[in-house]
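Participant: Residue numbers (the working numbering): 5 to 264. For each residue, glycine too, the CB sits at the ideal point set by N, CA and C.
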């Protein structure tokens with residue numbers, strides 16, 4: 005399986021792929037700490053700023069491509085800043101600019117935040133290109149109604165099955181909650197920062213800038229029985245599907261120390 009995007013959705017996709025028996029997971033992204041978090045989940049990683057992700061996936065799969073591909077990016081895809089993939093896409097800049105203007109005709113950026121992706125169809129293109137013939141693509145990254153560009157012809161010629169759409173939460177949440185309660189799935193190590201509710205807006209800005217360590221942010225409160233603001237490494241144990249490291253909370257409890 006290949007996953008395009010190592011943000012919160014991509015990280016959850018890694019965990020769920022493992023849970024469902026995926027023997028090999030390859031993850032593509034351009035942000036270092038997100039790739040590191042994917043490696044903590046025992047995924048193979050590709051930095052699209054260092055190598056061409058399609059060529060890398062095809063090479064890693066013996067020239068076949070991935071049987072299953074998940075687009076966990078959507079319309080906010082960003083062009084590679086350097087490397088062979090950036091060079092290969094250089095001539096398509098005007099097309100990507102047109103797609104961005106079409107997808108986000110009204111923009112109100114706040115410095116480096118709230119900025120739309122500058123290559124809206126790139127994740128979709130890469131997903132189709134790295135998929136094996138007769139493979140399957142699952143699109144969970146967001147594409148608003150005004151997006152009109154998809155590599156339909158290339159997907160058609162490869163006999164791909166494409167599934168997409170907004171999540172049907174009512175269908176999946178009960179089973180996921182049961183898995184968490186039973187210890188089969190522990191999503192807490194995927195949370196890299198806990199912040200207080202009063203800091204929610206600043207936290208979202210930091211996440212939107214893709215600053216290091218802010219891959220998945222959760223809001224914590226100070227009441228008893230909840231997680232206070234802090235680092236995600238104090239959040240959980242990673243049983244079954246993630247890294248499996250012991251949390252600082254547990255280590256301090258066993259050693260009699262205070263929580264940092």
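1) Going by beta-carbon coordinates alone, are residue 138 and residue 163 separated by less than 9 Å?
2) Kindly identify the DSSP beta-bridge partner or partners of residue 168.
3) Note down the Cα distance separating residue 179 from residue 189, rounded to an integer number of angstroms.
4) Give every residue of the same chain whose Cβ lies closer than 8 Å to the Cβ of residue 34, excluding the five residues on either side of it in the sequence, and list them in chain order.
5) Spatial neighbours of residue 168 within its chain, please: CB distance less than 6 Å, with the 5 preceding and 5 following residues excluded, ordered by chain position.
6) Between which residues of its own chain and residue 154 is the CB-CB distance below 8 Å, once the five residues before and five after are set aside?
7) Could you compute how far the alpha carbon of residue 121 sits from the alpha carbon of residue 174?
8) What are the boundary residues of the alpha helix (DSSP H) that includes residue 39?
9) Inspect the beta-carbon positions of residue 14 and residue 74 and report whether they are closer than 9 Å.
10) Can you tell which of 130, 9, 214 has its C-alpha closest to the C-alpha of residue 92?
11) Given this structure, state the Cα-to-Cα distance separating residue 63 from residue 21, to the nearest angstrom.
12) Along the beta strand (DSSP E) that carries residue 198, what are the first and last residues, could you check?
13) Can you check whether the CB of residue 220 is closer than 9 Å to the CB of residue 201?
14) Determine the direct distance from the alpha carbon of residue 198 to that of residue 206, and round the result to whole angstroms.
15) Counting C-beta neighbours from all protein chains within 10 Å, is the total for residue 147 16 or more, i.e. buried, or is it exposed?
16) Assuming residue 223 is part of the alpha helix (DSSP H), what are its boundary residues?
17) Restricting to runs no shorter than 4 residues, where is the alpha helix (DSSP H) found entirely within the region 79-112?
18) With 16 as the cutoff for other CB atoms within 10 Å, does residue 104 come out buried or exposed?
19) Take the Cβ of residue 94 as the centre, count every other Cβ of all protein chains shown within 10 Å, and call the residue buried at 16 or more, exposed below.
20) Have a look at residue 8 and residue 76 and give me their C-alpha separation to the nearest angstrom.
21) Could you round the C-beta distance between residue 107 and residue 166 to whole angstroms and report it? I think they count as a contact, below 8 Å.
22) Under three-state DSSP, which class holds residue 114?
23) Just verifying my parser: in three-state terms, what is the DSSP assignment at residue 68?
24) For the beta strand (DSSP E) containing residue 49, list its first residue and its last residue.
Facilitator: Concretely, from the data shown:
1) Closer than 9 Å, so yes.
2) Beta-bridge pairing links residue 168 to 143.
3) Take the alpha-carbon of residue 179 and the one of residue 189: they are about 11 Å apart.
4) 51, 52, 53, 82, 84, 85.
5) 143.
6) These residues qualify, in order along the chain: 125, 128.
7) So the two alpha carbons sit approximately 30 Å from each other.
8) Residue 39: member of the alpha helix (DSSP H) spanning 36-44, first to last residue.
9) Taking 9 Å as the Cβ cut-off, residue 14 and residue 74 qualify as a contacting pair.
10) Out of 130, 9, 214, 130 has the C-alpha closest to the C-alpha of residue 92.
11) Roughly 21 Å separates the two Cα atoms.
12) For residue 198, the enclosing beta strand (DSSP E) has its first and last residue at 197-200.
13) Taking 9 Å as the cut-off, the beta carbon of residue 201 is found no closer than this to the beta carbon of residue 220.
14) Cα-Cα distance, rounded: 12 Å.
15) Around the Cβ of residue 147, a 10 Å sphere holds 16 or more other Cβ atoms; the residue is buried.
16) Note, residue 223: premise wrong, no alpha helix (DSSP H); beta strand (DSSP E) at 221-224.
17) Within the region 79-112, the complete alpha helix (DSSP H) runs of at least 4 residues are 88-93, 97-107.
18) Within 10 angstroms of the beta-carbon of residue 104 lie 16 or more other beta-carbons, which makes it buried.
19) Exposed, because fewer than 16 other Cβ atoms sit within 10 Å of the Cβ of residue 94.
20) Rounded to whole angstroms, residue 8 to residue 76 spans 6 Å at the Cα level.
21) That belief does not hold up - the Cβ atoms of residue 107 and residue 166 are roughly 19 Å apart, past 8 Å.
22) Residue 114 falls in the strand class under three-state DSSP.
23) In this structure, residue 68 counts as coil in the three-state DSSP scheme.
24) Segment 48-51, the beta strand (DSSP E) holding residue 49.
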